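Take a look at the structure set out below.
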C-alpha cells in the first residue's frame, strides 16, 4: 500500500535527499547572533524552495516582528487538495540553529557538513533541519506515489526557535486563520533510541536570565586594592553557587509552589521507560549524576523544573595571569518549567532572589529571555493513538510516552490554534543537540520519513472540526 | 647645588622627556601574551637606546631563559666612573606591561599615548615605563649638569615582571657579579599622594593558580541533560564562592599559619598613614569595603595575605542565550603573601583544598604561576634614612613607610644580591595600574626625577662593601 510505495520512493531518492539536506546545512542560520540575520533569511528561502520542489503550494517566507524591530522570517506552505471532509494537519519545526561555540571542539567545521558512518555531522543536522527535511520528503513521497495527500497539510517552520521564539505567538495570532488545523505535528524532539521508539507528550517551559554584576567602573590592581574592594567575580560566583542547595533543590523561594502532580497514567508511562545509568553517563560523557533529591533522573529531566547555570564570565580569562580585581561579571541562568509553573511569576521570584543574594552597592541588572509556558497533551487524546499506530508500523513497537526536558513553542501552538500537538521526533539523545559535533542518524531519517507518511495516512481518520 | 642645576636641566628638557616616553609607550610590550614577544624585544631595544643617550655605558639587552625556552629580554647598563671608594647603586624596574583588556573601556587606545590634563594616558605610563624614564633622566641630568655621578650606577630593567618574573632569579644568579651593588633602588611602586610622600619597605609575595574544571567532553543541551549531569560552571562558581568565609577569611587550611606579627615600629608607621574611607572608595569606584574581619583596610592591602578571584569563565557568554550545561570552566586565583608565608607551601595547601572542594568525577587541573616570596626591609636601615632625606627635599616632608600590597621581584634582588632594597615610587593609587586608562602624573614625574637625583647624591654617603 502507501507504505511500500513510500519506501520504494525513498530508496530511489536517498542520494538526492541527503544532498539537499547538506546544502541547507551549509547555511549558518544562527538566530541568536545578529551577524547571521541574512543567513537565517537565506535558510528560509532555501527551505521554501524545498517545499515548492516537494509539491507544496502557497509557499511563502513570512516576516515576523515589526518594521522597526523585525524578527527572523518563518516559512509557510500548504497543500489543501484533500478537501473539506479531510482533516488539516499543521507541521511545526524550525530552520534556525544554535550558536556553534566552542568552535575548537568541532571535529569538522559546523557549516561544512560531513556524511560519515551513516551520520550527517553539522550544526542543525538533527535540530531541526534534518527533521524538517523528513517531513517535506514524506509529503513529497506521498504526492509522488499517490498523486495526493490523505489530509490537508500545512507547514509552519519558524526562524527563531533557538532564540526563544520571541515573535512566534505574535505571528500565530496574526495569521491564526491561515494556520488553523485539527492537529499539530511537531518534529523537533528526540526519541529514546532506535530500539525504543518514544513520543513526546509534554514540553517544559523556559525562562532565562542574563545577570550583569558591577562592583567598580574598571578592573582594579589586585596588589593595590585586593582584599578591601568588592570583587564582581566573587559575587557572580556566589550567585551561581547559591542557586542550588545541598539537595540540588533550586533555592529561589516559591520555585516549586505551582508544580502539578503527575496523573497515575503519566507516572506509569514514565516508569515504563528504562534508565541505564552507565549508558546514560556514557552518552553524556559525565562521571556521575547530580540532581534534585527524591526524584529519578528521568523525572529530573522531564517532569521536574530545573535551573542551570548556562554561563559565568568575569575578569581575566586569557593566557597566563593578570593580577586584577574584576569589576564586572555576567551570569546566565536558564530555567526549565513544568505545569503549572508560570514564567512571569518565576521571573519575579528570581529577581527578588538575586536582589537578596547581592549586597547593596553591588550594581546588578537582569535581562529576561524566553517566557515559554510548559505544556502537556493528555495521554488519551485520539491523535496520540493514531501517532502510536503509525510509529509501531515503522519501528516495530508502539512508542512509549515521554515528556521532553526541552522547551518549545508547542504550548503556544496548542493554546493559540486550539489544536492538540503530537510529536514525531526522530533525533537521538547522542546527537549532540546544542553542542559541538551535532549529528543526524541517517537510519533514523529514513524511518522518520516513512513514519511521517504513515502518520498522515492515520490522521486522515480524524474528523475535521475547523 | 646639584638640586638647582638638576631642576634647571629638567625645565629645559621636559618636552624631550615626554616625547621619548610617549615613543616608548607606543610599543605594546605585553609579556603575558606570546604574540607580543617581538614587541617586548623592541621595547628592550628602545630602552637600551634611552640609556645610551642618557650617558650610561656597557648597555646591553640581556637574554633570559634558555635557548629552547627563551624568556623576554632584560636591559642592563652601568656608569662606574665614581670609582671604588664610592658605593654602587642598582636601579630596578621593568619595561614590559600588563595586557589591555577590557579594551572597550579605554578612552583612548592603550598604545596611542595621549598627553592631557598634566597626565600621560597609556598602558605602561606609570607601570613602569614612566618610572624608568624618571631614573634615566635623573642620571642623565646629573651627568649633564655635573659631568659625573656621585655613585657608581647600574640599571637592571626586566621584561617579564608582569608575567611573574619567571626567569629573573635565574638571570640574577647567572650575572650576580655584574649586578652586585651596595643598595638596590626599585622604582615600580606608588606613593600615598603628592601631599603625603611614602616609600615602600615591603612587598607581598605572589602565587597564582589557573584551575581548569571539566565535567563532560562537550557542552550538553540543558533541556535534555539539565538537572542530572554535573555542570562545570556550578563547580567553578562553588570553588570561587568557597574561597572566603563570611568573615572574608581565606578558607584554605593553614593559609594564615606562617604570617609574622608586625613589630611595634612597623605597626606605628602603618597607623600614621591616614585612611579616608570615602576618598578611598571614590578612587576605587566601589560602593563599599570588604575584607578580612579584625583588620583595617590598610592592613588588608599590605600586611595581611589575600586571595582574589582574578577570573572565572564557563559556558556561554555571547549575546542572548544558549541553553547548555557547560562542560568546562576556568577559575584564576591570585594570592598575595606576607612574611613568612612560603608560596610553595601555600600552593600545596591550595591544591589540597581544591581537591577537597570538587567531588570525585569532576576533572581538574591546576597550573601554578608565580611563586614570589614576600619581603620587608627593616625600618632602621641606613639606606632608608638617606632615601627619606632625598624625598623630604623634593616633597617637603619625609616619607611615611608603607608596605606595598603588590608583589615584585624585590625579594629576589635582596636575597640573591645580598643588598637592601629601597623604593622610590612616584605612581599614584589613581593611576589605574593594570586596568584600563592607566595614567602617569607629569608633576609626579618631574618631582620624581629631582628625587631620584637627590637620592643618588645622598646614597654617596654609604660605605661601599662590595
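Residue numbers (my numbering), protein chains in the order written: chain R, 1 to 466; chain S, 1 to 466.
In this text, a Cβ means the ideal position worked out from N, Cα and C, and glycines have one as well.
Treat the numbers as computed from the prediction; the structure is a model and nothing was measured.
If you draw a straight line from the alpha carbon of residue i to that of residue j, how long is it in whole angstroms?
| i | j | result |
| --- | --- | --- |
| residue 252 (chain R) | residue 358 (chain S) | 24 Å |
| residue 122 (chain R) | residue 45 (chain R) | 19 Å |
| residue 61 (chain R) | residue 164 (chain R) | 20 Å |
| residue 67 (chain R) | residue 282 (chain S) | 45 Å |
| residue 22 (chain S) | residue 48 (chain S) | 16 Å |
| residue 1 (chain R) | residue 406 (chain R) | Its pLDDT being 44, under 50, residue 1 (chain R) is placed unreliably by the model, and the measurement read from it follows with that caveat. Residue 1 (chain R) and residue 406 (chain R): Cα-Cα distance of roughly 36 Å. |
| residue 109 (chain R) | residue 103 (chain R) | 8 Å |
| residue 3 (chain S) | residue 192 (chain S) | Low confidence applies to residue 3 (chain S): its pLDDT is 49, below 50, so where it sits in the model is not reliable enough to give any reading. |
| residue 190 (chain R) | residue 432 (chain R) | 11 Å |
| residue 408 (chain R) | residue 421 (chain R) | 11 Å |
| residue 241 (chain R) | residue 349 (chain S) | 23 Å |
| residue 29 (chain S) | residue 364 (chain S) | 32 Å |
| residue 90 (chain R) | residue 139 (chain R) | 12 Å |
| residue 70 (chain R) | residue 385 (chain R) | 40 Å |
| residue 455 (chain S) | residue 387 (chain S) | 6 Å |
| residue 468 (chain R) | residue 144 (chain R) | Outside the shown range of chain R (1 to 466) lies residue 468 (chain R), about which nothing can therefore be said. |
| residue 54 (chain R) | residue 198 (chain R) | 28 Å |
| residue 43 (chain R) | residue 94 (chain R) | 10 Å |
| residue 417 (chain S) | residue 182 (chain S) | 9 Å |
| residue 125 (chain S) | residue 429 (chain S) | 13 Å |
| residue 262 (chain S) | residue 271 (chain S) | 12 Å |
| residue 100 (chain S) | residue 393 (chain S) | 36 Å |
| residue 450 (chain R) | residue 424 (chain R) | 11 Å |
| residue 32 (chain S) | residue 371 (chain S) | 16 Å |
| residue 98 (chain S) | residue 255 (chain R) | 45 Å |
Return the Cβ separation of residue i and residue j in integer angstroms, given the expectation that the two are a contact with Cβ distance under 8 Å.
| i | j | result |
| --- | --- | --- |
| residue 411 (chain R) | residue 373 (chain R) | 5 Å |
| residue 134 (chain S) | residue 452 (chain S) | 6 Å |
| residue 226 (chain R) | residue 308 (chain S) | 4 Å |
| residue 151 (chain S) | residue 460 (chain S) | 5 Å |
| residue 275 (chain S) | residue 298 (chain S) | 6 Å |
| residue 153 (chain R) | residue 78 (chain R) | 7 Å |
| residue 495 (chain R) | residue 208 (chain R) | The first residue shown for chain R is 1 and the last is 466, placing residue 495 (chain R) beyond what the model contains. |
Of all the CB atoms in chain C, is at least one closer than 8 Å to the CB of residue i?
| i | result |
| --- | --- |
| residue 310 (chain S) | Reference to chain C is not applicable here, since the protein chains of this structure are R and S. |
Residues bridged to residue i by DSSP?
| i | result |
| --- | --- |
| residue 116 (chain S) | S:119 |
| residue 205 (chain R) | R:337 |
| residue 76 (chain S) | S:60, S:156 |
| residue 370 (chain R) | R:207 |
| residue 92 (chain S) | S:156, S:186 |
| residue 402 (chain S) | S:200 |
| residue 330 (chain R) | R:212, R:313 |
| residue 308 (chain S) | S:334 |
Report the option in the options whose CA atom is closest to the CA atom of residue i.
| i | options | result |
| --- | --- | --- |
| residue 269 (chain S) | S:142, S:365, S:303 | S:303 |
| residue 158 (chain R) | R:96, R:29, R:33, R:446 | R:96 |
| residue 204 (chain R) | R:404, R:388, R:459 | R:404 |
| residue 469 (chain R) | R:37, R:149, R:360 | What the structure shows of chain R is the stretch from 1 to 466, and residue 469 (chain R) is not part of that stretch, so it cannot be assessed. |
| residue 72 (chain R) | R:34, R:351, R:176 | R:34 |
| residue 195 (chain R) | R:391, R:288, R:185, R:56 | R:391 |
| residue 401 (chain R) | R:172, R:418, R:377, R:419 | R:377 |
| residue 273 (chain R) | R:435, R:173, R:162, R:200 | R:200 |
| residue 245 (chain R) | S:244, S:238, S:125, S:447 | S:238 |
| residue 501 (chain S) | S:329, S:367, S:98, S:362 | For chain S, the structure presents residues 1 to 466; residue 501 (chain S) sits outside this window and is missing. |
| residue 39 (chain S) | S:24, S:187, S:51 | S:24 |
| residue 173 (chain R) | R:458, R:414, R:461, R:449 | R:414 |
| residue 223 (chain S) | R:445, R:127, R:106, R:323 | R:127 |
Which residues, in order along the region 222-236 of chain S, keep a beta-carbon less than 8 Å from a beta-carbon of chain R?
-> Hits within the stretch, in order: 222, 223, 224, 225, 226, 227, 228, 229, 230, 231, 233, 234, 236.
For the region 283-296 of chain S, enumerate the residues whose C-beta is nearer than 8 Å to any C-beta of chain R, in chain order.
-> From the region 283-296 of chain S, only 284, 285, 286, 287, 288, 289, 290, 291, 292 have a Cβ closer than 8 Å to chain R.
For the region 427-458 of chain S, enumerate the residues whose C-beta is nearer than 8 Å to any C-beta of chain R, in chain order.
-> Those residues of the region 427-458 of chain S placed with their C-beta closer than 8 Å to a C-beta in chain R are 429, 432, 433, 434, 435, 436, 437, ordered along the chain.
Looking at chain R, which residues of the region 14-40 of chain S have a Cβ within less than 8 Å of any of its Cβ atoms?
-> So the list reads 32, 33, 34, given in the order they occur along the chain.
Near-chain R residues of the region 175-207 of chain S - C-beta to any C-beta below 9 Å = Cβ contacts with chain R come from 190, 203, 204, 206.
According to a CB-to-CB cut-off of less than 7 Å, which residues of the region 314-338 of chain R neighbour chain S?
-> Those residues of the region 314-338 of chain R that come within reach of chain S (Cβ to Cβ, closer than 7 Å) are 314, 315, 316, 317, 318, 319, 320, 321, 322, 323, 324, 325, 326, 330, 332, 334, 336.
Please list the residues of the region 399-430 of chain S that have a C-beta atom closer than 8 Å to any C-beta atom in chain R, keeping them in chain order.
-> Against chain R - using a Cβ distance shorter than 8 Å - the residues of the region 399-430 of chain S are 404, 405, 406, 407, 429.
Would you list, in chain order, the members of the region 159-170 of chain R that have their beta-carbon closer than 9 Å to a beta-carbon of chain S?
-> Within the region 159-170 of chain R, the qualifying residues are 162, 163, 164.
Taking only beta carbons into account, state which residues of the region 207-221 of chain R come closer than 9 Å to chain S, listed in chain order.
-> So the close ones are 208, 209, 210, 215, 216, 217, 218, 219, 220, 221.
With 7 Å as the C-beta to C-beta threshold (strictly closer), list the residues of the region 64-77 of chain S near chain R in chain order.
-> Under the 7 Å Cβ criterion, the region 64-77 of chain S contributes no residue.
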